[in-house]
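**Q**
Numbering (the working numbering), first residue to last: 1 to 449.
#1: Using three-state DSSP, classify residue 353 as helix, strand or coil.
#2: Ignore the nearest five residues each way along the sequence and tell me which others in residue 414's own chain have a CB closer than 6 Å to its CB.
#3: Any contact of the region 149–160 with the region 169–185, i.e. 3+ C-beta pairs under 8 Å?
#4: Since I believe residue 255 is in contact with residue 188 (beta carbons under 8 Å), could you give me their beta-carbon distance rounded to a whole number of angstroms?
#5: Would you call residue 274 buried or exposed, if buried means 16 or more other Cβ atoms sit within 10 Å of its Cβ?
#6: Helix or strand or just coil, what does DSSP make of residue 399?
#7: Given a threshold of 16 other Cβ atoms within 10 Å of its Cβ, counted over all protein chains shown, does residue 198 qualify as buried or as exposed?
#8: Nearest to residue 285 by alpha carbon, out of 305, 263 and 408?
#9: Leaving out five residues before and five after residue 364 in sequence, what residues of the same chain have Cβ atoms less than 8 Å from its Cβ?
#10: Output the residue ranges of the beta strand (DSSP E) runs that lie fully inside the region 87–128 and measure 3 residues or longer, sorted by chain position.
#11: Kindly list the residues whose CB is nearer than 7 Å to the CB of residue 433, restricted to its own chain and excluding five residues on each side of it in sequence; keep chain order.
#12: To the nearest angstrom, how far is the alpha carbon of residue 374 from that of residue 351?
#13: Give the C-beta separation of residue 94 and residue 180 to the nearest angstrom, bearing in mind that I take them to be a contact with Cβ-Cβ under 8 Å.
#14: For residue 130 versus residue 182, is the C-beta distance shorter than 9 Å?
#15: Taking contact to mean at least 3 C-beta pairs separated by less than 8 Å, is the region 201–212 in contact with the region 240–248?
#16: Please state the DSSP three-state secondary structure of residue 133.
#17: Just tell me which of 343, 339 and 291 has its CA closest to the CA of residue 307.
#18: Less than 9 Å separating the beta-carbons of residue 163 and residue 224?
#19: Please give the ranges of any alpha helix (DSSP H) in the region 257–317, keeping only runs that are unbroken, at least 4 residues long and fully inside the region.
#20: Taking buried to mean at least 16 other C-beta atoms within 10 Å of its own C-beta, is residue 232 buried or exposed?
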């Protein structure tokens, strides 16, 4: 189909196009100055408000924390943790001690033997002795508390009829050593002792009704640490020692505790029900049940510490437990909390191991490192038993391992230092001379602020 062009239409369209183009040019030329003015004003305004905007940082992108999150079991039981007070600075000294046990009574009862023993310890650069004052349900000194409780029909005395504990403390001080009486048996007592026989209501028991457990001391019963009469009895004994003697402190060991199987006596069951509204769990290792009993022991130790400090503010409140994981799980002895509650002035952790690697592993545990930043801290080393001797080389290697980590040491026990070793006495003593080549004196706390 042919295409027809209409010339009039073409001319009209050309006129319209030219008019529009001319108008566009006119408006563009007219708007340029106006747009420039708007831009200039905008820049001025932005410059003026920039400092105000700069006061606010750009929004931060909040990301999830990068540290691993704990995985809780279903329906976890949340036990509130106490807030611990800050630890005040305290004097830290190198402990070089030895326990003097009832096996050492032949020495302790004789003034001349005590003098010789302490002179020898002083010459070998020891600085602390821990004479036993409470063993097998009996005290090692004349005690009004024991008489009132009717637990001891006899009195331990020296060969001259003298007070054993008063003599050993006085002789230690004359030779420049500290003397810290050792409350060895804690809540433990033989089932056949007058204490157990005359006060059966003071004993606790297992869930099956058994009253005893097997320990290094043989078959023993346990005083109920939750019973108010037991707590008063123990407190009275401790205060009697602290006030009656010129002692530098008092020490408690791994027996100031309770095996986790115990606590099912009528008194404790009623106390637990009163506080929680339910009976104790049948599983003695139930975590809430263990925590309840451990906290009760801790509360008593806090009270005991306060009572001691009232009578003798500068007394060293010494604790010698097993390593923490064992102490809590098996003995309900939460000594790390005791430390953090500021009731422990000296810590000696018993690490009785023959293998050096096992020994070294235990003495580098975090709780020991924590303690030695705050208080005098040492390691209990087995020097031998009557039935098992320990070579001096093993003793030396363990002492060196402790010293390399800034820790003191205490030996269990005096007699085994030289009389129970496989080597001759002279060789054993020479070995200890190499262990402590220079003195490390400990200052008495009397009058020291």
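Each residue gets a CB set at the ideal place from its N, CA and C atoms; glycine is no exception.
**A** Reading off the structure:
#1: Here residue 353 sits in coil by DSSP.
#2: So the list reads 98, 100 and 104, once near-sequence residues are dropped.
#3: No: the two stretches stay apart, fewer than three of their Cβ pairs being nearer than 8 Å.
#4: Contact holds; Cβ gap of about 4 Å.
#5: Exposed, by the Cβ-count rule.
#6: Residue 399 sits in a helix when the DSSP states are folded into three classes.
#7: Per the 10 Å Cβ criterion, exposed.
#8: The shortest C-alpha to C-alpha distance from residue 285 to any of 305, 263 and 408 is the one to 263.
#9: Excluding positions up to five away in sequence, the list reads 405.
#10: Taken in chain order, the complete beta strand (DSSP E) segments of 3 or more residues contained in the region 87–128 are 96–100.
#11: Excluding sequence positions up to five before and after residue 433, its CB lies within less than 7 Å of the CB of 124, all in the same chain and listed in chain order.
#12: Computed Cα separation, rounded: 20 Å.
#13: No, residue 94 and residue 180 are not in contact; Cβ-Cβ is about 15 Å, not under 8 Å.
#14: Against a cut-off of 9 Å, the Cβ pair of residue 182 and residue 130 comes out as a contact.
#15: Contact between the region 201–212 and the region 240–248 is not established, with fewer than three Cβ pairs separated by less than 8 Å.
#16: Here residue 133 sits in coil by DSSP.
#17: Minimum Cα distance to residue 307 is reached at 343.
#18: Inclusion of residue 163 and residue 224 in the CB contact set at 9 Å is not warranted, their separation being larger than that value.
#19: DSSP runs (the alpha helix (DSSP H)) wholly in the region 257–317: 266–276 and 287–311.
#20: Residue 232 is exposed by the Cβ-count criterion.
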